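Residues 409 to 723 (our numbering) make up the sequence shown, in order.
Glycine included, every Cβ here is placed at the ideal spot set by N, Cα and C.
Please read all numbers here as calculations on a predicted model, not as lab measurements.
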Amino acid sequence: MQTKNPNILGIFQQKGGVGKSLVSSIIAEYASIKANMNVLIVDLDMQCNSSDYWVGMESSPQSTGGQLPPIHPDWIEGDEDYEGIEQRSTIADTFYGKEILAYETFVNPKNGFKGKVDCLLGHPALLEKINTEFSNESGNIEAKVINRLKEVLFNEFVGGEYDLVVLDTGPSRNPVFRSAIRCATHAVIPFEPEEKSMQGINAMIQVIQSDNFSRDDDEQLKLIGLVPNKVKISTKLHKGTLDMLHESLSSIMIPRDLYLPNSVAFPERDLKGIDPKSIFQISKHHTALKHSESLCKYLLGEIFSEKELNSKLAK
Numbered sequence: 409m410q411t412k413n414p415n416i417l418g419i420f421q422q423k424g425g426v427g428k429s430l431v432s433s434i435i436a437e438y439a440s441i442k443a444n445m446n447v448l449i450v451d452l453d454m455q456c457n458s459s460d461y462w463v464g465m466e467s468s469p470q471s472t473g474g475q476l477p478p479i480h481p482d483w484i485e486g487d488e489d490y491e492g493i494e495q496r497s498t499i500a501d502t503f504y505g506k507e508i509l510a511y512e513t514f515v516n517p518k519n520g521f522k523g524k525v526d527c528l529l530g531h532p533a534l535l536e537k538i539n540t541e542f543s544n545e546s547g548n549i550e551a552k553v554i555n556r557l558k559e560v561l562f563n564e565f566v567g568g569e570y571d572l573v574v575l576d577t578g579p580s581r582n583p584v585f586r587s588a589i590r591c592a593t594h595a596v597i598p599f600e601p602e603e604k605s606m607q608g609i610n611a612m613i614q615v616i617q618s619d620n621f622s623r624d625d626d627e628q629l630k631l632i633g634l635v636p637n638k639v640k641i642s643t644k645l646h647k648g649t650l651d652m653l654h655e656s657l658s659s660i661m662i663p664r665d666l667y668l669p670n671s672v673a674f675p676e677r678d679l680k681g682i683d684p685k686s687i688f689q690i691s692k693h694h695t696a697l698k699h700s701e702s703l704c705k706y707l708l709g710e711i712f713s714e715k716e717l718n719s720k721l722a723k
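Shown next, in the form of structure tokens:
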């Protein structure tokens, strides 16, 4: 089978709390459960919300961020196959030249799914350490951090295993964030249609434009568009804000009828032990599911060819 470099979708926003982890998980769920794809989630946010949702973090009050990734279930002490791999393997390890292991999630063939989602977990303390050690003042950013994720993820080995890689990033413009920008092939910017949430949009657009200046013409980072989240479409504030954005930023706004509504169905997914876990396993009549399906089909249609996506959906 011919292999190729993977499609890498970055979920970016300079503001925190706008739904980056939610959007990344919804896209991964749709791609794996509905489109039968193999997906890799990469958690680059020190909050580690994606790691906790997909795998589960361990409480550690004395640790930075109050939590630690769990010991990898396949890791065996003394086994030469795992030599040089940390027992709590995370994406942070790759910035120190170590091999890394992805964790299996509830979306996998053993649970009856045709596709799968694997997750490279985050590590609050180590991600913070990387951002401190390789700050702008150090002069070591370019070689050691900015290009690192692209070296590890944008290759035929990853492309042969996964149809899509999704980067869940933090809000700060730090070295790890810049590495994610350099690595991504596609990008979306989630936002809530309120003033404070939108303050990071222009800055984020400038970051993408700046990185594209250093890329070849055939390797440009494609901004798919702005993704409205927690939308209360019946309110004048949200509807008016979206109308304004469709006029002023029409070239990067996704179609008007595509957004994630303000629904309790989304935070309910975070409850431990809840069943069903995925938004795509709840009632097909639920508003949250309908909007999620429409949004994700559009976003994947901007990443994959129509023929390729329809082939996946028809499996």
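When you compare the CB positions of residue i and residue j, do they come within less than 7 Å of one another, or not?
i      : j      : result
MET661 : LEU668 : no
VAL553 : SER587 : yes
SER459 : GLY530 : yes
PRO601 : LEU650 : yes
LEU645 : VAL450 : no
THR502 : VAL560 : yes
PRO583 : PHE521 : no
ASN415 : PHE562 : no
PHE585 : VAL426 : no
GLU466 : PRO478 : yes
What residue does the alpha helix (DSSP H) around residue i start on, and which one ends it?
i      : result
PHE674 : 673-676
ASP487 : Counting along the chain, ASP487 falls outside any alpha helix (DSSP H), and DSSP gives it neither H nor E.
LYS524 : Counting along the chain, LYS524 falls outside any alpha helix (DSSP H), though it belongs to the beta strand (DSSP E) covering 524-528.
LYS715 : 714-721
ILE435 : 428-437
GLY648 : 644-656
ASP683 : Unbroken run through ASP683: none, as it is neither H nor E.
Kindly give me the distance between the Cβ atoms of residue i and residue j, rounded to whole angstroms, as I take these residues to be in contact under 8 Å.
i      : j      : result
THR577 : GLU536 : That belief does not hold up - the Cβ atoms of THR577 and GLU536 are roughly 14 Å apart, past 8 Å.
SER700 : ILE434 : 5 Å
LEU417 : ILE711 : 7 Å
LEU534 : THR498 : 6 Å
CYS456 : PRO579 : CYS456 to PRO579, Cβ: 14 Å. No contact.
VAL515 : GLU564 : Actually they are not in contact, since the Cβ atoms of VAL515 and GLU564 sit about 24 Å apart, beyond 8 Å.
Can you list, in chain order, the residues of its chain whose CB lies under 6 Å from that of residue i, leaving out five sequence neighbours each side?
i      : result
TYR706 : LEU666
MET409 : Confidence at MET409 is low in this model, with a pLDDT of 44, below 50, so the placement of that residue should be treated as unreliable; the coordinate-derived value is given next. Here the set comprises nothing.
Could you pull out every residue in the same chain whose Cβ sits closer than 7 Å to the Cβ of residue i, ignoring the five residues on either side in sequence?
i      : result
MET612 : PHE420, GLN421, GLN422, ILE597
LYS558 : ARG590, CYS591
TYR511 : VAL463, HIS480, ASP526, CYS527, LEU529
ALA673 : ILE687, ILE690, HIS694, ALA696
ASN718 : none
MET445 : ALA439, GLY523, ASP571, LEU572, LYS720
GLU676 : ILE682
ASP619 : ILE589, ARG590, LEU629
LYS647 : ILE641
LYS685 : PHE514, ARG677
Could you give the first and the last residue of the continuous beta strand (DSSP E) run that contains residue i?
i      : result
VAL574 : 572-576
ALA595 : 594-599
LYS630 : 630-636
ILE567 : It should be noted that the sequence gives Gly, not Ile, for residue 567. Careful: GLY567 lies outside any beta strand (DSSP E), inside the alpha helix (DSSP H) at 564-569.
VAL450 : 446-451
ASN415 : 415-419
Can you find the residues in the same chain that come closer than 8 Å, C-beta to C-beta, to residue i, ignoring five residues on each side of it along the sequence?
i      : result
LYS630 : THR593, HIS594, ALA595, GLU710
PRO663 : TYR706
Examine chain B for any beta-carbon lying closer than 7 Å to the beta-carbon of residue i, and answer yes or no.
i      : result
LYS647 : In the displayed structure, chain B is absent; only one protein chain is listed.
Self-check item: Inter-stretch contact at 8 Å, needing at least 3 Cβ pairs: the stretch 637-654 / the stretch 422-432
Solution: yes
*Is the stretch 485-498 touching the stretch 703-718, taking contact as three or more C-beta pairs under 8 Å?*
no
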